[in-house]
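The block underneath contains the structure these notes are about, expressed in structure tokens.
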Amino acid sequence: MTTVRISPVAALRGTVRVPSDKSLTHRAILLAGVSDRTVTITDALDSADTAATLNAVEACGVPASGHLGGTLVIEGRGLRGLHPSPHIDCANAGTLMRLLPGLLVGTTAEYLILDGDDSLRARPMARVATPLRRMGASVFTAPGGTPPLVVNGGRPLTGMRHELQVASAQVKSCLLLAGLFAEGETWVVEPAPSRDHTERMLEAAGVEVLRDGAAVGVRGPVAGLSLPDLEVPGDFSSAAFHLVAGVLLADPEVRLEGVNLNPLRCGLLEVMRRMGADITVEEGPPVAGEPCGTIVVRRAGTLRGTEVAPEEVPGMVDELPLVGLLGALAQGTTVVRGAAELRVKESDRITAVVDALRALGVRAEELEDGFRVTGGRIVPGGRMEARHDHRLAMFGAVAGLASADGVSVQGFEACQVSYPAFAKDLAALGGVA
Ligand code: S3P
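For the sequence shown, my numbering puts the final residue at 467, and the numbers step up evenly by one.
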């Protein structure tokens with residue numbers, strides 16, 4: 035395990051092109067694999083998580099050449115052309131483990147085992163297994179609803195309406211993919227809308243996506259799909275670390291280029307503006323069917339504490355730890371509610387964020403479904419653990435930049451999961467990790 039110390043800096047400035055979008059890369063590789071054509075993906079995210087998805091698609095008999103981060107060529111085998119090997123390693127990638135079963139139920143293979151690392155093995159999978167079984171699929175979890183998953187293909191599937199208790203793009207995507215093989219319509223209704231990358235990509239691939247108010251669906255069985263070549267834009271969730279560092283320290287400004295600005299991903303912008311942040315968005319042409327552009331952030335004067343409401347959570351689910359850090363530096367109290375999902379991410383991010391903030395000298399308390407942070411002082415600094423969670427490692431680095439004495443992050447290598455060049459990019463802006 036690597037411990038990295040991040041020292042406070044006086045100011046950050048410059049331009050960064052953040053790594054490509056992780057959510058889009060997973061989806062592009064998976065849909066390319068079942069496409070009727072050979073698909074060229076430019077700038078797919080090169081990270082541990084997306085390497086797991088590429089390996090998984092290759093393990094399903096799909097030839098691929100080139101490489102992540104450059105030009106990747108995937109020879110799609112068609113919707114019913116996957117020939118999976120019996121054991122697929124999903125590593126740390128929750129998105130892979132939740133989306134892939136939606137395609138595997140359309141194969142004729144039996145006893146497919148999907149497994150992952152210790153962190154993934156603790157994450158809930160009944161949320162995909164149970165609704166897939168209701169459609170007629172044969173999908174099982176370990177006792178307790180966790181991995182490994184066992185999938186048996188070749189069962190006839192029936193389209194149906196799924197009402198999700200918790201908004202989840204991963205569950206929605208899995209069910210829509212399974213719906214491509216089902217007889218009739220498969221609908222998914224969420225309590226609040228989650229990211230719609232799968233819907234956009236399916237449409238780009240020629241699949242009709244049905245919409246009715248809050249419900250989204252597909253009509254199966256679909257004969258095939260044809261994903262066009264695509265370029266992957268930058269990841270808003272990776273940009274978010276520089277955005278928060280920038281609001282605390284940018285002078286004169288930090289520019290984040292080529293970022294995916296899908297409105298269902300950018301909830302943090304609204305929350306930060308409400309807290310007093312100075313952020314400008316320069317929209318550019320869409321990339322991969324997603325709105326895209328440059329985000330410019332300048333150091334804010336005084337930040338004000340805020341309350342994040344439950345309906346805001348899906349639009350910023352991966353950025354909520356950063357709201358805790360902003361809250362530590364804002365006047366007053368910052369509260370996040372309706373975010374119990376954070377307990378089942380790569381770590382229990384409610385406990386992890388509160389423990390980290392406390393270890394750095396901040397007043398923070400856990401709520402069942404969120405946290406409360408009392409701000410108004412500079413963060414003293416100290417030592418915190420990343421808990422094998424990439425977003426916590428980067429959270430610690432941003433905290434260090436704005437702290438009085440610096441922050442040591444144990445397990446900093448977790449950044450590899452989504453942002454291997456994080457330390458390099460931070461250094462380019464004037465922060466040293
Ligand atoms: C993701 C959806 C979110 C998010 C995860 C990526 C996706 O998870 O936290 O990092 O790519 O669909 P949920 O769907 O479980 O909310």
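Idealized CB from N, CA, C, for every residue including glycine. Please read these numbers as outputs of a predicted model, since none were measured by experiment.
Check your understanding: So what does G48 bridge to, in DSSP terms?
Key -> V288
Check your understanding: Should K458 go down as buried or exposed, given a rule of 16 or more other Cβ atoms within 10 Å for buried?
Key -> exposed
Point to revise | Residue from L359, T368 and G95 whose Cα sits closest to the Cα of G395 | key: L359
Exercise for review: For V369, I'd like the list of residues in its chain whose CB is within less than 6 Å of its CB, leaving aside the five on either flank, ordered along the chain.
Suggested key: E341 and R406
**Study point:** DSSP state of T192 mapped onto helix, strand, coil
**Key:** strand
Exercise for review: Report yes if the C-beta of A85 is less than 7 Å from at least one heavy atom of the ligand S3P; otherwise report no.
Suggested key: no
Exercise for review: Quick one: grab the DSSP three-state call for I63.
Suggested key: helix
Review point. Taking the alpha helix (DSSP H) that C208 falls in, what are its first and last residues?
Key: A203 to G213
Review point. How is the alpha helix (DSSP H) around I329 delimited, first residue to last?
Key: Run containing I329: none in the alpha helix (DSSP H); it sits in the beta strand (DSSP E), C326 to R332.
Exercise for review: Look at R61 and T232 and say whether their C-beta atoms are less than 8 Å apart.
Suggested key: yes
Point to revise | Closer than 7 Å: R299 CB and nearest the ligand S3P heavy atom | key: no
Point to revise | Counterpart residues of L148 in DSSP-defined beta bridges | key: I122 and L183
**Study point:** Anticipated Cβ contact below 8 Å, S57 with L261, distance rounded
**Key:** The Cβ separation is near 15 Å, so there is no contact.
Point to revise | Contact check, Q199 vs G128, beta carbons under 8 Å | key: no
Point to revise | S99 (DSSP reduced to helix, strand or coil) | key: strand
Point to revise | Where the beta strand (DSSP E) containing G440 begins and where it ends | key: It is not in any beta strand (DSSP E) - G440 carries neither H nor E in the DSSP assignment.
Point to revise | Spatial neighbours of A322 in its chain, beta-carbon cut-off 7 Å, leaving aside the 5 residues before and after | key: L58, L264, E265, V266 and P267
Check your understanding: For M418, does the count of other Cβ atoms within 10 angstroms reach 16, so buried, or fall short, so exposed?
Key -> buried
Review point. For the putative contact between A420 and L426, defined by C-beta atoms under 8 Å, what is the C-beta separation to the nearest angstrom?
Key: 5 Å
Exercise for review: Report whether the distance from the Cβ of R245 to the nearest heavy atom of the ligand S3P is below 7 Å.
Suggested key: no
Exercise for review: Determine the DSSP secondary structure at M309, reduced to helix, strand or coil.
Suggested key: coil
Check your understanding: Shortest alpha-carbon distance to L183 belongs to which of G445, L363, D149 and C300?
Key -> D149
Exercise for review: Check E224 in the structure and name its three-state DSSP category.
Suggested key: coil
**Study point:** Span of the alpha helix (DSSP H) around S271
**Key:** F270 to L283
Check your understanding: What's the C-alpha gap between P97 and N89?
Key -> 10 Å
Review point. Which one or two residues does DSSP pair with E317 in a beta bridge?
Key: G327
Point to revise | Coil, strand or helix - N89 by DSSP | key: helix
Exercise for review: Starting from I412, trace the beta strand (DSSP E) both ways and give me its first and last residue.
Suggested key: Careful: I412 lies outside any beta strand (DSSP E) and carries neither H nor E.
Practice item. Return the Cβ separation of N126 and L154 in integer angstroms, given the expectation that the two are a contact with Cβ distance under 8 Å. Key: 6 Å
Practice item. Would you tell me roughly how many angstroms separate the C-alpha atoms of V104 and V43, rounded to the nearest one? Key: Inspection of the sequence shows that residue 104 is occupied by Gly rather than by Val. Those two C-alpha atoms are separated by around 33 Å.
Check your understanding: Is the beta carbon of A431 less than 8 Å from the beta carbon of L463?
Key -> no
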